[in-house]
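**Student:**
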Amino acid sequence: MTTTAPTSIGTSVELTDLTRVYGSTRALDGLTLHLEPGELVALLGPSGCGKTTALRILAGLDQPTTGTVSVGGQDLTRVPANKRDMGMVFQAYSLFPHLTVLDNVAFGLKLRGEDRATRTRKAAEKLELVGLSEHGKKYAGQLSGGQQQRVALARALAIEPSVLLLDEPLSALDAKVRTQLRDEIRRVQLEVGTTTLFVTHDQEEALAVADRVGVMNKGRLEQVAPPAQLYASPASTFVAEFVGLNNKVAATVRDRRAEVFGSSVPVIDGSIDGGTGVALVRPESLLLEAGGPSANATVASVNFLGPISRVYIDIDGAEAVMAAVPSPVAIKLHPGDRLAVGVEQTPLLVVAAPAP
């Protein structure tokens, strides 16, 4: 992605050993997270994992039971939300229906005492940034959902916050608009350079926009890493299963290698040291060859999904698996075809087999 130099320099964020207890519920359980200046970090996880609680504590909308919040080296743990210099975009657009788009974007500047000429100029600049300059005189009800969320983003950026907080900002949009706006948010964030925390339950969204992704589970941060590293080297079974699809395949580990479908494949850190276990194999890591004396599987079905198709395969005497292959390859396969199935030399996570 080609971007211009940031127009502002972000600030660092430190969440240190945060806990949040509601009665008998421990929403956060020792969360520690660092954001570099200008970095976009996505918190990813299922409902109830604590990701929104963490964002609300950073925003000042909730207080931690224990732990600290620091921005730019300043302790903000007990500083009220309106003193934290943060911009927020929520799932609900929360635009004022009686104000024009331009006045909506300028609203925060008005609260900060900016004169009319200055706030009009800054609001117009942010509308241009999100591609809505020509809509400044319209009202929210005259815009589509995607356009309204762009206005909400422009409003959050107009105050030039030290930190931008995005709480499931795309959940209310349809798939095509969500993808377009996801890319737009990343473009704008890179151009402006604001340190950003993005909360989502959508793994594709997190992997597409973030510099690093933190996967949360039951109030704890299971792993935080760049998207490619998170996908290729999950630190736990939960991360591997939550991010991407996996086949669970019987494997034997010895000397840091796993035997899977007759292939010897390296294992990643966190795998069992030896013995029989379960390998988590990505669908795109399966190698398929047509027929021949080494055939060990039969095609069950083929699902066309555009450029990539899913091929469901019954392995002789073992678990069924699903392979992701380019559609030009998949369309040549038919139910009943015999295949030789192997695994490419991508390191695997192998976990202990479940108790019988």
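Going left to right, the sequence shown walks through residues 9 to 364 as the numbering used here numbers them.
Here a beta-carbon is modelled for each residue, glycine too, at the ideal position from N, C-alpha and C.
Does the Cβ-Cβ distance between Gly81 and Thr202 come in under 9 Å?
**Tutor:** In the sequence shown, counting from the first residue as 1, residue 81 sits at position 73. In the sequence shown, counting from the first residue as 1, residue 202 sits at position 194. In this structure, Thr202 does not lie closer than 9 Å to Gly81 by Cβ.
**Student:** Do you know how far the Cα of Phe115 is from the Cα of Gly144?
**Tutor:** Within the sequence shown, the letter at position 136 stands for residue 144. Within the sequence shown, the letter at position 107 stands for residue 115. If you take the alpha carbons of Gly144 and Phe115, they lie about 13 Å apart.
**Student:** Measuring from the CB of Val29, is there a heavy atom of the ligand ATP at a distance below 8 Å?
**Tutor:** Summarising the ligand content, the structure contains no ligands, and the ligand ATP is consequently not present.
**Student:** Would you mind stating whether Arg190 and Val217 have Cβ atoms separated by less than 9 Å?
**Tutor:** On the sequence shown, residue 190 is found 182 positions in, with the first residue counted as 1. On the sequence shown, residue 217 is found 209 positions in, with the first residue counted as 1. It is a contact, given that the beta carbons lie within the stated cut-off.
**Student:** Please classify Arg318: does DSSP put it in a helix, a strand, or coil?
**Tutor:** Here residue 318 refers to the residue found at position 310 of the sequence shown. The answer is strand: DSSP assigns Arg318 an E or B state.
**Student:** Enumerate in chain order the residues of its own chain whose CB-to-CB distance from Gly58 is below 8 Å, with the five nearest sequence positions on each side excluded.
**Tutor:** Counting from one through the sequence shown, the residue named residue 58 turns up at place 50. Closer than 8 Å at Cβ, skipping near neighbours: Arg28, Ala35, Leu36, Asp37, Leu39, Met224, Lys226, Gly227, Arg228.
**Student:** Looking at the structure shown, is Ala308 part of a helix, part of a strand, or coil, going by DSSP?
**Tutor:** Within the sequence shown, the letter at position 300 stands for residue 308. Correct three-state label for Ala308: strand.
**Student:** Helix, strand or coil for Asp345? Go by DSSP, reduced to three states.
**Tutor:** The residue you call residue 345 lines up with position 337 of the sequence shown. It is coil, neither helix nor strand.
**Student:** Alpha carbon to alpha carbon, how far is Lys134 from Gln155?
**Tutor:** Here residue 134 refers to the residue found at position 126 of the sequence shown. Here residue 155 refers to the residue found at position 147 of the sequence shown. Answer to the nearest angstrom: the Cα atoms are 13 Å apart.
**Student:** If you scan the segment 232 to 262 from start to end, which runs of the beta strand (DSSP E) of 3 or more residues do you find wholly inside it?
**Tutor:** Restricted to the segment 232 to 262, the beta strand (DSSP E) segments that are unbroken, complete and at least 3 residues in length are 255 to 262, listed in chain order.
**Student:** Decide if the segment 65 to 74 is in contact with the segment 236 to 247; the criterion is three or more beta carbon pairs, one per stretch, under 8 Å apart.
**Tutor:** no
**Student:** Could you give the residue range of the beta strand (DSSP E) that holds Phe206?
**Tutor:** Within the sequence shown, the letter at position 198 stands for residue 206. Per DSSP, Phe206 belongs to the beta strand (DSSP E) from 203 to 208.
**Student:** Counting pairs of Cβ atoms below 8 Å between the segment 74 to 94 and the segment 102 to 111, do you hit three or more?
**Tutor:** Using a C-beta cut-off of 8 Å, the segment 74 to 94 makes no contact with the segment 102 to 111, since fewer than three inter-stretch Cβ pairs fall below that distance.
**Student:** Does Gly5 come out as helix, strand or coil in the three-state DSSP assignment?
**Tutor:** Residue 5 cannot be examined here, being either before or after the span of the chain that is shown, 9 to 364.
**Student:** Does the Cβ of Asn311 have 16 or more other Cβ atoms within 10 Å, making it buried, or fewer, making it exposed?
**Tutor:** Your numbering for residue 311 matches position 303 in the sequence shown. So Asn311 ends up on the exposed side.
**Student:** Using the C-alpha atoms, what's the distance from Asp322 back to Asp175?
**Tutor:** For the purposes of this step, residue 175 is identified with residue 167 of the sequence shown, where counting begins at 1. For the purposes of this step, residue 322 is identified with residue 314 of the sequence shown, where counting begins at 1. Looking at the two C-alpha atoms, the distance is approximately 42 Å.
**Student:** For Met9, which of helix, strand or coil comes out of DSSP?
**Tutor:** Reading the sequence shown from its first residue, position 1 is the one you call residue 9. In this predicted model, Met9 has a pLDDT of only 39, less than 50, meaning its place in the structure is not dependable; the value taken from the coordinates is given anyway. In the structure shown, Met9 sits in coil (DSSP, three-state: anything other than H, G, I, E or B).
**Student:** Quick check: the segment 344 to 360 against the segment 292 to 299, are at least 3 beta-carbon pairs closer than 8 Å?
**Tutor:** yes
**Student:** On the DSSP bridge assignment, give the partners of Ile323 in chain order.
**Tutor:** Along the sequence shown, one-based indexing puts residue 323 at 315. Paired residues: Ala305.
**Student:** Can you give me the start and stop residues for the alpha helix (DSSP H) that Ala62 sits inside?
**Tutor:** Looking up residue 62 in the sequence shown gives position 54. Note, Ala62: alpha helix (DSSP H), 59 to 67.
**Student:** Have a look at Thr10 and Ser55 and give me their C-alpha separation to the nearest angstrom.
**Tutor:** Residue mapping note: residue 10 aligns to position 2 of the sequence shown, counting from 1. Residue mapping note: residue 55 aligns to position 47 of the sequence shown, counting from 1. Low per-residue confidence applies at Thr10: pLDDT is 38, beneath 50, and the placement is therefore not dependable enough to give any value.
**Student:** For Ala406 versus Val247, is the C-beta spacing smaller than 9 Å?
**Tutor:** Past the edges of the chain, shown from 9 to 364, lies residue 406, and the structure says nothing about it.
**Student:** Find out if the Cβ-Cβ distance for the pair Leu288, Val333 is shorter than 9 Å.
**Tutor:** Residue numbering aside, residue 288 sits at position 280 when the sequence shown is read from its first letter. Residue numbering aside, residue 333 sits at position 325 when the sequence shown is read from its first letter. Their beta carbons are not under 9 Å apart, which means Leu288 does not touch Val333 by this criterion.
**Student:** Output the distance between the C-alpha atoms of Leu215 and Val200, rounded to the nearest integer angstrom.
**Tutor:** The residue given as residue 215 occupies position 207 in the sequence shown. The residue given as residue 200 occupies position 192 in the sequence shown. Distance between the alpha carbons of Leu215 and Val200: 20 Å.
**Student:** Alpha carbons only, please: which of Val261, Leu43, Lys340 is nearest the one belonging to Glu22?
**Tutor:** Along the sequence shown, one-based indexing puts residue 22 at 14. The shortest C-alpha separation from Glu22 is found at Leu43.
**Student:** By the three-class DSSP mapping on this structure, what secondary structure does Leu295 have?
**Tutor:** Residue 295 sits at position 287 when you count from the first residue of the sequence shown. Looking at Leu295 - three-state DSSP - the assignment turns out to be strand.
**Student:** In whole angstroms, what separates the C-alpha of Thr245 from that of Leu137?
**Tutor:** Along the sequence shown, read from residue 1 onward, the residue named residue 245 stands at position 237. Along the sequence shown, read from residue 1 onward, the residue named residue 137 stands at position 129. The straight-line gap from Cα to Cα measures roughly 41 Å.
**Student:** If we ignore side chains and look at the alpha-carbon of each, how far apart do Asp111 and Ala131 end up?
**Tutor:** As a first step, residue 111 must be located in the sequence shown, where it is residue number 103. As a first step, residue 131 must be located in the sequence shown, where it is residue number 123. Their Cα atoms are separated by approximately 8 Å.
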